[in-house]
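Numbers given in my numbering equal positions in the first sequence, counted from 1, plus 2.
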Amino acid sequence: MRLTRTLLSGPVLEVAQGLLGCLIETDEVAVRLTEVEGYAGLGLDPASHAHRGPTPRTRVMFGPAGHAYVYFSYGMHWCLNVVTGPEGQAAAVLLRAGEVVRGLELARHRRPAARSDVDLARGPARLCAALGIDATSSGVDLIDSTSPLRLAASAPPRAGLVSSGPRVGVTEAADRPWRFWLDGEPSVSRYRASVRRAPE
DNA sequence: CCATTGATCGTCT
DNA sequence: GACGATCAATGGT
């Protein structure tokens, strides 16, 4: 897909699928995206961080498409979204997994726990670790060629190679099949159905 | 392969 | 004060 701001401002589920196969890259490391999840915005998606309206954390989601929304997860990890959809709607696409296609040595150094190269960016926090992403990346314009973190288009995936299913780890709206991945890619994270904690 | 568990802290109620 | 858009280590099948 062509990565113009206009295109990224389109419907979040279309944008999500279009991002498969694209690159997310720094000057040192590039990752080819194999798995993403769509999150609709304000009032549309109880699983979205933005669904109750803007807060200091989610402010960037309410801005223009094409910017990075980075959040801190479970007290330890960073995860990266691309803001999509019309401005003010706060839709976003979580980048869940990919294949490191440049900067393997540095990615391995940043991911010492990875047992093989396909594990380097298999999972949203692993992808961020491989790229060296932290809070300083939040708000970055991903389609500005001078940014330290950028999206780059690539050849669209062959028809029929995209699958979809429920999102990972969410307890609200768990039935919506808004996770998309490229069939047969070893870097796609293993699916885990979300589990709501049992009442006492 | 699968299931379970501990780590660890920002965010929002 | 409870809860995560997670991961790695561990132990069983």
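Beta carbons: idealized from backbone N, C-alpha and C, even for Gly.
Here the structure is a predicted model, which means the values were calculated and not measured.
For C24, no beta strand (DSSP E) encloses it, and the DSSP letter there is neither H nor E. Around the Cβ of E101, a 10 Å sphere holds 16 or more other Cβ atoms; the residue is buried. Of the candidates L163, E187 and A132, the residue whose Cα lies closest to the Cα of E107 is A132.
Setting aside the 5 residues that flank it on each side, V190 is surrounded in the same chain by T36, E37, A99 and W183, each with a C-beta closer than 6 Å to its C-beta; the list follows chain order. Under the three-state reduction of DSSP, R112 is assigned to helix. With a threshold of 16 other beta carbon atoms within 10 Å, Y193 falls short and is exposed. Closest in C-alpha terms to P48, from the list E187, D185 and R178, comes R178. Contact check for V72 and S139: beta-carbon distance about 5 Å, within the 8 Å limit, so the pair qualifies. With contact defined as three or more Cβ pairs closer than 8 Å, the segment 74-82 and the segment 108-128 are in contact. In this model, T57 and D121 are separated by some 33 Å (Cα to Cα).
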